[in-house]
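Inspection log for the structure reproduced underneath, given as structure tokens.
In my numbering, the protein residues as written are 2 to 514.
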């Protein structure tokens, strides 16, 4: 076919593989007597399986034979909220005996014309991903595929021997790329840990090499748990947040007021806008409220914003308002701390809250069913180190200098990771266009192999007596693993016909890889 290398052919998926849906989990399938391991979407990544948590399902007569997974089966995710994750797939290697799969996973069982490893790599490549995105249905933010659409996916099919060469070359390159990516991820984690240590040391005096003093660091508060506070250098003191800053909650949205045109409408910050160490102002909501509320809650440059609620490990995260938006206020789930009389540089307060404060807020927060929170009364008790005023500017300058180096290095590492992603896509595109490995004229063409399979199927179908039954014939779903050579196994001698001894009437067979 035009555009394909010699010996290749373009086929629909159902010409070289069996495509089947899975089991819908219902109340009647609560595992009781006849329970079997059951794979879900959460178990299937792109080219990998996560089997740390495998559920169970109740099966009924004949279902295990129909739905059991076999080595070489490809599990395809049928739906996802992210179109980029749609159709991701991984090859089953027989890790768990008698395992079945849910209906949101589509099983693709490769026939003798295609290597299971080749199919897995091809399926997770740009070649197939683009097709899946184009045929997916989208409802309520969920992108979905069907078995019918999967059967019509068009794939390039090389000769079987060339498939093996492509797989070997790809695996070699991909292992090297994964190793490099792993090192880059390690570097990112090290940079993050270094940044956290930097902030801790800046806020307890260690960054400047100042020796700690002794004595009671801060008077205990009856209604909070401070833990063991580090000793501070001479001239530094511990205080409570409520002693150094005016801390207030924000506005609660009143639905009735939002339709009142007499009330002014102003921008306001929500929890999602206040991140650890930065503000995300890409999306800003607005609210209608009184002039008095606006006057009381309008943010000023230098205000430190701290989140009141969310996940427990995100309590108290925040950053400094720099006056980016005029007349902006904040919601009730975001606290505002306005330092009094220049007692403490806002950056030192924000750095301290994002480092030492992470653990303190976790311990002193409270947990409801789905949400953690910390009260205004509690957050005012947050212990804060107060360096001498003449040292604060020096601390800020040194931290910003070192953070600048960290951020530049992180940017370089992330750029390298992004290049690796592009390189991987390019590598797969080259492989499945026939440009990664050399061709061998001695390879039996894919078209010839398909012709052999068609002849074999027709002959087997003619020789097999018909079964009269209103139900499906169980025998048609039984497989003989040794009925045909495996695509990933060494080729048979050239003087023996490849499928001469096969008796399998369909492509529904086990192909280990």
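From the three backbone atoms N, C-alpha and C, an ideal C-beta is built for every residue, glycine too. Only a predicted model underlies this, so the values are computations on that prediction, with no experimental measurement involved.
Assuming residue 272 contacts residue 365 under a Cβ cut-off of 8 Å, what Cβ separation, rounded to an integer in Å, is found between them? Indexing the chain shown from 1 puts residue 272 at position 271. Indexing the chain shown from 1 puts residue 365 at position 364. In this structure residue 272 is not in contact with residue 365, their Cβ atoms being roughly 18 Å apart against a cut-off of 8 Å.
Which residue wins for smallest C-alpha separation from residue 319, given the options 78, 274, 72 and 192? Position 318 of the chain shown, counting from 1, holds the residue named residue 319. Residue 274 holds the alpha-carbon nearest to the alpha-carbon of residue 319 among 78, 274, 72 and 192.
Any idea if residue 444 is buried or exposed, counting beta-carbon neighbours within 10 angstroms, 16 or more meaning buried? One-based indexing of the chain shown puts residue 444 at position 443. Sixteen is the threshold: when 16 or more other Cβ atoms of the shown chains lie within 10 Å of the Cβ of residue 444, as they do, the residue is buried.
Using the C-alpha atoms, what's the distance from residue 432 back to residue 127? Working through the chain shown from its first residue, we reach residue 127 at position 126. Working through the chain shown from its first residue, we reach residue 432 at position 431. Near 11 Å, if we compare the C-alpha coordinates of residue 432 and residue 127.
Between the alpha carbons of residue 19 and residue 182, how many angstroms are there, rounded? Here residue 19 is taken as the residue at index 18 of the chain shown, counted from 1. Here residue 182 is taken as the residue at index 181 of the chain shown, counted from 1. Going from the Cα of residue 19 to the Cα of residue 182 covers about 35 Å.
Contacting residues, own chain, Cβ-Cβ under 8 Å from residue 407 (five flanking each side not counted): The residue you call residue 407 lines up with position 406 of the chain shown. Excluding positions up to five away in sequence, the list reads 192, 195, 196 and 199.
Classification of residue 105 by the beta-carbon crowding that lies within 10 angstroms, buried from 16 upward: Here residue 105 is taken as the residue at index 104 of the chain shown, counted from 1. Residue 105 comes out buried.
Backbone CA spacing between residue 346 and residue 286 [nearest angstrom]: Start at 1 with the first residue of the chain shown, and residue 346 comes out as number 345. Start at 1 with the first residue of the chain shown, and residue 286 comes out as number 285. Note on geometry: alpha-carbon atoms of residue 346 and residue 286 lie some 29 Å from one another.
How would you label residue 290, buried or exposed, when you count the other beta carbons within 10 angstroms and need 16 or more for buried? Indexing the chain shown from 1 puts residue 290 at position 289. That one is buried.
Have a look at residue 508 and residue 186 and give me their C-alpha separation to the nearest angstrom. Residue numbering aside, residue 508 sits at position 507 when the chain shown is read from its first letter. Residue numbering aside, residue 186 sits at position 185 when the chain shown is read from its first letter. Unreliable positioning characterises residue 508 in this predicted model, as indicated by a pLDDT of 33, which lies under 50. The coordinate reading is nonetheless provided below. Rounded to the nearest angstrom, the two C-alpha atoms are 42 Å apart.
Out of curiosity, what's the CA-to-CA distance linking residue 69 and residue 425? Looking up residue 69 in the chain shown gives position 68. Looking up residue 425 in the chain shown gives position 424. Distance from the CA atom of residue 69 to the CA atom of residue 425, rounded to whole angstroms, is 33 Å.
Pick out whichever of 303, 355, 262 and 457 has its Cα sitting closest to the Cα of residue 278. The residue given as residue 278 occupies position 277 in the chain shown. If we check each option's Cα against that of residue 278, 355 comes out closest.
Let's test the definition: count the other Cβ atoms within 10 Å of the Cβ of residue 115 and tell me whether it reaches 16, buried, or not, exposed. Mapped onto the chain shown, residue 115 falls at position 114. By the Cβ neighbour-count rule, residue 115 is buried, with 16 or more other Cβ atoms within 10 Å of its own.
Can residue 288 and residue 254 be called in contact, C-beta distance under 8 Å? Counting from one through the chain shown, the residue named residue 288 turns up at place 287. Counting from one through the chain shown, the residue named residue 254 turns up at place 253. In contact: residue 288 and residue 254 (Cβ atoms closer than 8 Å).
Can you check DSSP and say which residues form a bridge with residue 36? Locating residue 36 in the chain shown gives position 35, counting from the first residue. Residue pairing of residue 36 in beta bridges, as defined by DSSP: 59.
Are there 16 or more other CB atoms within 10 angstroms of the CB of residue 8, so buried, or fewer, so exposed? Here the question's residue 8 lines up with position 7 in the chain shown. Counting Cβ neighbours within 10 Å, residue 8 comes out buried, since at least 16 surround it.
Compare the Cα-Cα distances from residue 213 to each of 21, 427 and 388 and report the closest residue. As a position in the chain shown, residue 213 is number 212, starting the count at 1. The residue with the shortest Cα to Cα distance from residue 213 is 388.
With a floor of 4 residues, list each alpha helix (DSSP H) that falls wholly inside the segment 54-132, ordered by position along the chain. Entirely contained in the segment 54-132, the alpha helix (DSSP H) runs reaching 4 residues are, in chain order, 64-68 and 117-124.
Given this structure, state the Cα-to-Cα distance separating residue 132 from residue 113, to the nearest angstrom. Taking the first residue of the chain shown as 1, we reach residue 132 at position 131. Taking the first residue of the chain shown as 1, we reach residue 113 at position 112. Straight across, the Cα-Cα distance linking residue 132 with residue 113 is about 24 Å.
Tell me, which residues are paired with residue 241 by DSSP? Position 240 of the chain shown holds residue 241. The partner list for residue 241 (beta bridge, DSSP) reads 384.
How would you call residue 16, buried or exposed, if buried means at least 16 neighbouring beta carbons within 10 angstroms? Walking along the chain shown from the start, residue 16 turns up at place 15. By the neighbour-count definition (other C-beta atoms within 10 Å, threshold 16), residue 16 is a buried residue.
Cα-Cα separation between residue 353 and residue 204, rounded to whole angstroms: Position 352 of the chain shown, counted from the first residue, corresponds to residue 353. Position 203 of the chain shown, counted from the first residue, corresponds to residue 204. Between the alpha carbons of residue 353 and residue 204 lies a distance of about 6 Å.
Minimum C-alpha distance to residue 143 - residue among 310, 239 and 81: By 1-based counting over the chain shown, the position of residue 143 is 142. Nearest C-alpha to residue 143 among 310, 239 and 81: 81.
To the nearest angstrom, how far is the alpha carbon of residue 56 from that of residue 294? Numbered from its first residue, the chain shown carries residue 56 at position 55. Numbered from its first residue, the chain shown carries residue 294 at position 293. Taken atom to atom, the span from the alpha-carbon of residue 56 to that of residue 294 is near 52 Å.
Given this structure, state the Cα-to-Cα distance separating residue 339 from residue 121, to the nearest angstrom. Residue mapping note: residue 339 aligns to position 338 of the chain shown, counting from 1. Residue mapping note: residue 121 aligns to position 120 of the chain shown, counting from 1. Distance between the alpha carbons of residue 339 and residue 121 is about 57 Å.
Nearest-angstrom beta carbon gap, residue 168 and residue 118 [assumed within contact, 8 Å]: Within the chain shown, the letter at position 117 stands for residue 118. Within the chain shown, the letter at position 167 stands for residue 168. Going by Cβ atoms, the distance from residue 118 to residue 168 rounds to 5 Å, so yes, they are a contact pair.
Can you give me the C-alpha to C-alpha distance between residue 134 and residue 414, rounded to a whole angstrom? The residue you call residue 134 lines up with position 133 of the chain shown. The residue you call residue 414 lines up with position 413 of the chain shown. Going by the C-alpha atoms only, they are around 30 Å apart.
Which whole-angstrom value describes the C-beta separation of residue 47 and residue 89, a residue pair presumed to lie in contact below a C-beta threshold of 8 Å? In the chain shown, counting from the first residue as 1, residue 47 sits at position 46. In the chain shown, counting from the first residue as 1, residue 89 sits at position 88. Correct: roughly 4 Å between the Cβ atoms.
Measure the Cβ-Cβ separation of residue 337 and residue 245 and say whether it is below 8 Å. Here residue 337 refers to the residue found at position 336 of the chain shown. Here residue 245 refers to the residue found at position 244 of the chain shown. With contacts defined as CB atoms closer than 8 Å, residue 337 and residue 245 fail to qualify as a contacting pair.
Own chain residues within Cβ distance below 8 Å of residue 314, not counting five before or after: Residue 314 sits at position 313 when you count from the first residue of the chain shown. Close CB contacts of residue 314 within its chain, under the 8 Å cut and outside five residues either way in sequence, are with 359 and 363 (chain order).
In chain order, what residues of the same chain lie with their CB nearer than 6 Å to the CB of residue 311, ignoring the 5 residues before and after it? On the chain shown, residue 311 is found 310 positions in, with the first residue counted as 1. These residues qualify, in order along the chain: 272.
Looking only at its own chain, which residues have a Cβ that is under 7 Å from the Cβ of residue 302, when we skip the five neighbours before and after it? As a working note, residue 302 is residue 301 in the chain shown. Excluding sequence neighbours, residue 302 sits near 322, 323 and 324.
Integer-rounded CB distance, given that residue 252 should sit under 8 Å from residue 342: Locating residue 342 in the chain shown gives position 341, where the first residue counts as 1. Locating residue 252 in the chain shown gives position 251, where the first residue counts as 1. For residue 342 against residue 252, the beta-carbon gap comes to about 26 Å, at or over 8 Å, which does not count as contact.
Going straight from the alpha carbon of residue 1 to that of residue 36, what length do you get? With the chain represented from 2 up to 514, any question about residue 1 goes unanswered, as that position is not in the structure.
Could you work out which residue in 138, 380 and 178 is closest to residue 240 when comparing CA atoms only? Here residue 240 corresponds to residue number 239 of the chain shown, with the count starting at 1. That would be 380, whose Cα lies nearest to the Cα of residue 240.
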